[in-house]
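Worksheet for the structure shown next.
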Amino acid sequence: HELLAEGIIAMSQGDSPVNIELKLEAYRVERPTQLQQ
């Protein structure tokens, strides 16, 4: 779960924290089962 988030943040370098949070939230919605493991 943390590793997935870190990967998204790494890919989002240069974006504002707000944009990173939006991407993380979108990923949580798209991949709920993986994040729950």
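Take the sequence shown: its position 24, counting from 1, is numbered 57 in the working numbering, and each next residue is one higher. For every residue, glycine included, the Cβ atom is placed at its ideal position computed from N, Cα and C.
Cβ atoms of residue j and residue i: under 7 Å apart, would you say?
i: L57; j: A38; result: yes
i: I42; j: Y60; result: no
Which same chain residues end up closer than 8 Å to residue i when comparing Cβ atoms and leaving out the 5 residues on each side of it in sequence?
i: R64; result: L37
Starting from residue i and walking both ways along the alpha helix (DSSP H), at which residues does that stretch end?
i: R61; result: P50 to E63
Identify, in the order they occur along the chain, each residue of the same chain with its Cβ nearer than 7 Å to the Cβ of residue i, setting aside the five sequence neighbours on each side.
i: V51; result: none
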